[in-house]
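Colleague:
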Amino acid sequence: MCMCVQTCIESRISLQPADQIWQPCTNIDEHSLRVRRSDLGVNTTCSTSRRPMNECRQKTKVSFLLSVFLCLSACLCFCFSDAYFWLSPASPYYRTKLRGLYTTAKADAEAECSILRHALDKIAEIKSLLEERRIAAKMAGVYSDSDPPRKTMRRGVLMTLLQQSAMTLPLWIGKPGESPPPLCGAIPASSDYVAKPGDKVAARVKAVDGDEQWILAEVVSYSHSTNKYEVDDIDEEGKERHTLSRRRIIPLPQWKANPETDPEALFSKDHLVLALYPQTTCFYRALIHTPPHRPQDDYSVLFEDTSYADGYSPPLNVAQRYVVACKENKKK
Numbered sequence: 009m010c011m012c013v014q015t016c017i018e019s020r021i022s023l024q025p026a027d028q029i030w031q032p033c034t035n036i037d038e039h040s041l042r043v044r045r046s047d048l049g050v051n052t053t054c055s056t057s058r059r060p061m062n063e064c065r066q067k068t069k070v071s072f073l074l075s076v077f078l079c080l081s082a083c084l085c086f087c088f089s090d091a092y093f094w095l096s097p098a099s100p101y102y103r104t105k106l107r108g109l110y111t112t113a114k115a116d117a118e119a120e121c122s123i124l125r126h127a128l129d130k131i132a133e134i135k136s137l138l139e140e141r142r143i144a145a146k147m148a149g150v151y152s153d154s155d156p157p158r159k160t161m162r163r164g165v166l167m168t169l170l171q172q173s174a175m176t177l178p179l180w181i182g183k184p185g186e187s188p189p190p191l192c193g194a195i196p197a198s199s200d201y202v203a204k205p206g207d208k209v210a211a212r213v214k215a216v217d218g219d220e221q222w223i224l225a226e227v228v229s230y231s232h233s234t235n236k237y238e239v240d241d242i243d244e245e246g247k248e249r250h251t252l253s254r255r256r257i258i259p260l261p262q263w264k265a266n267p268e269t270d271p272e273a274l275f276s277k278d279h280l281v282l283a284l285y286p287q288t289t290c291f292y293r294a295l296i297h298t299p300p301h302r303p304q305d306d307y308s309v310l311f312e313d314t315s316y317a318d319g320y321s322p323p324l325n326v327a328q329r330y331v332v333a334c335k336e337n338k339k340k
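Now the structure itself:
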């Protein structure tokens, strides 16, 4: 830009000789000169001998300033066009730079995802070891201070533990294109699945009055010869043990389904389910009122209740951990 301005100035400084400049000015008639000078705001009372020279100097000055302005404008246009070339999305440099940034960001995200998955696996492994120790202590009749025997556990403490179990249920985070596994959200277990000792299940047992009901129970053992489970009622302090066939057992979910990535792994609205009634250890039939919208959300369900005009209770929240498919399709 400086070179362009310098060239323009040099071209204007190297003017023609004065006698050559004077020649075209002497041909201007008095009337035309008076009009032009008045247009420029020049005092027309000046002597006529100085009019041609002043007019030429004025015109030369205006022409010089105009040339400098045009030169600067051209330089600015060049600078802007050059910047647009390098910053334009169509620029090869810009595309290469952007591609490199995307590649780096993708690699960082994949590395972070791998670390998080490894951490989640370690957490699941630790929880599994703690559960195995708890079961071994239960079988031996020895309980630690952190896990007291159920016969000394107050009901309020039991409800708190059930809520914590629902909150700490791991969220299924699959790889791109990977489908949720069985026992993730609403996806049932496979037909040959066998619940492990310590797993929580919904068990259909006979009550004292002879009626059958679904209760929250814990698996003690499974006999492959008889295809029957031995389960303990979670609310009976381990005093009552039931021997049940596989069709009377529904394993509870082992992962929460993410509504944002795997909505198909959730029960849809108006789906008939068995849900754990709040502050109890019994499952009752209910309709899904609103499925979860975020990973930390619960189901909103309508329990069957004949005390209401429409046969259903107001909406109540139940965690994914305690909502399973109902095997009975008929409404009682």
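Here the sequence shown is numbered in this note's numbering, starting from 9 and rising by one per residue. All C-beta atoms in this analysis are idealised placements derived from N, C-alpha and C, irrespective of residue type, glycine included. As the structure is a prediction and not an experimental result, all values here were calculated from the model.
Figure out for me which residue from T314, D305, E248, H301 has the closest Cα to the Cα of A294.
Modeller: Checked all of T314, D305, E248, H301; the closest Cα to A294 is T314.
Colleague: Which residue wins for smallest C-alpha separation from P261, given the options S231, E268, L284?
Modeller: Minimum Cα distance to P261 is reached at L284.
Colleague: Between the Cα of L138 and those of C79, G206, V281, L106, spot the shortest distance and give me the residue it belongs to.
Modeller: Residue G206 is the option with its Cα nearest to L138.
Colleague: Measure how close the beta-carbons of P5 and S276 come, nearest whole angstrom, since I'm counting them as under 8 Å.
Modeller: Residue 5 lies beyond the range of the chain shown here (9 to 340); nothing can be said about it.
Colleague: Could you check which residue in K214, S253, D217 has the C-alpha nearest to that of H232?
Modeller: When each option's Cα is compared against that of H232, the closest is S253.
Colleague: Span of the alpha helix (DSSP H) holding K130?
Modeller: Run containing K130: 100-148, per the alpha helix (DSSP H) assignment.
Colleague: For Q221, which beta-bridge partners are listed by DSSP?
Modeller: DSSP lists V213 as partners of Q221.
Colleague: Measure the C-alpha to C-alpha separation of A197 and P259 and round it to an integer number of angstroms.
Modeller: If I take the Cα positions, the gap works out to 7 Å.
Colleague: Assuming P188 and A273 make a contact with CB atoms under 8 Å, what is their CB distance in whole Å?
Modeller: P188 to A273, Cβ: 4 Å. Contact.
Colleague: Once you ignore the five residues that flank A174 on each side, which residues in its own chain have a CB closer than 7 Å to its CB?
Modeller: Here the set comprises A327, R329, Y330.
Colleague: Considering only their Cβ atoms, is the gap separating Q221 from C290 smaller than 7 Å?
Modeller: Against a cut-off of 7 Å, the Cβ pair of Q221 and C290 comes out as a contact.
Colleague: Considering only C-alpha positions, which residue in the set A317, V332, Y307, E336 is nearest to P323?
Modeller: Selected option, being the one with the closest Cα: Y307.
Colleague: Mapping DSSP to helix, strand and coil, what is A8?
Modeller: An answer regarding residue 8 cannot be provided, because it is not within the stretch 9 to 340 covered by the chain.
Colleague: Quick check: the Cα distance between A265 and I242, rounded to an integer number of angstroms?
Modeller: Using only the alpha carbons, I get a separation of about 25 Å.
Colleague: How many angstroms separate the CA atom of K204 from the CA atom of T111?
Modeller: So the two alpha carbons sit approximately 44 Å from each other.
Colleague: Please state the DSSP three-state secondary structure of E186.
Modeller: It is coil, neither helix nor strand.
Colleague: Tell me which residues share the same chain as T251 and place their Cβ nearer than 6 Å to its Cβ, disregarding the 5 neighbours each side in the sequence.
Modeller: Cβ neighbours of T251 beyond the five flanking positions: K236, E238.
Colleague: Between T288 and chain C, is there a C-beta pair that is closer than 7 Å?
Modeller: In the displayed structure, chain C is absent; only one protein chain is listed.
Colleague: Could you spell out where the alpha helix (DSSP H) holding L260 opens and where it closes?
Modeller: Counting along the chain, L260 falls outside any alpha helix (DSSP H), and DSSP gives it neither H nor E.
Colleague: Taking the alpha carbon of R302 as the point to measure from, which residue in W180, G319, A148 has its own alpha carbon closest?
Modeller: When each option's Cα is compared against that of R302, the closest is W180.
Colleague: DSSP has F311 in a bridge; who is on the other side?
Modeller: The partner list for F311 (beta bridge, DSSP) reads A294.
Colleague: As a quick exercise: from V227, A317, A113, Q287, pick the residue whose alpha carbon is nearest that of E140.
Modeller: E140 has its Cα closest to that of V227, out of V227, A317, A113, Q287.
Colleague: Would you identify the three-state DSSP class for S253, choosing helix, strand or coil?
Modeller: S253 falls in the strand class under three-state DSSP.
Colleague: Nearest by alpha-carbon distance to K208: which of P286, I223, S199 is it?
Modeller: Looking at the Cα atoms, I223 is the closest of the given residues.
Colleague: According to DSSP, which residues form a beta bridge with K236?
Modeller: K236 is bridged to S231, S253.
Colleague: Between which residues of its own chain and R256 is the CB-CB distance below 7 Å, once the five residues before and five after are set aside?
Modeller: Counting only Cβ-Cβ distances below 7 Å, and skipping sequence neighbours, we find A211, R212.
Colleague: Please list the terminal residues of the continuous alpha helix (DSSP H) segment that includes L274.
Modeller: Element bounds for L274: n/a, residue is neither H nor E.
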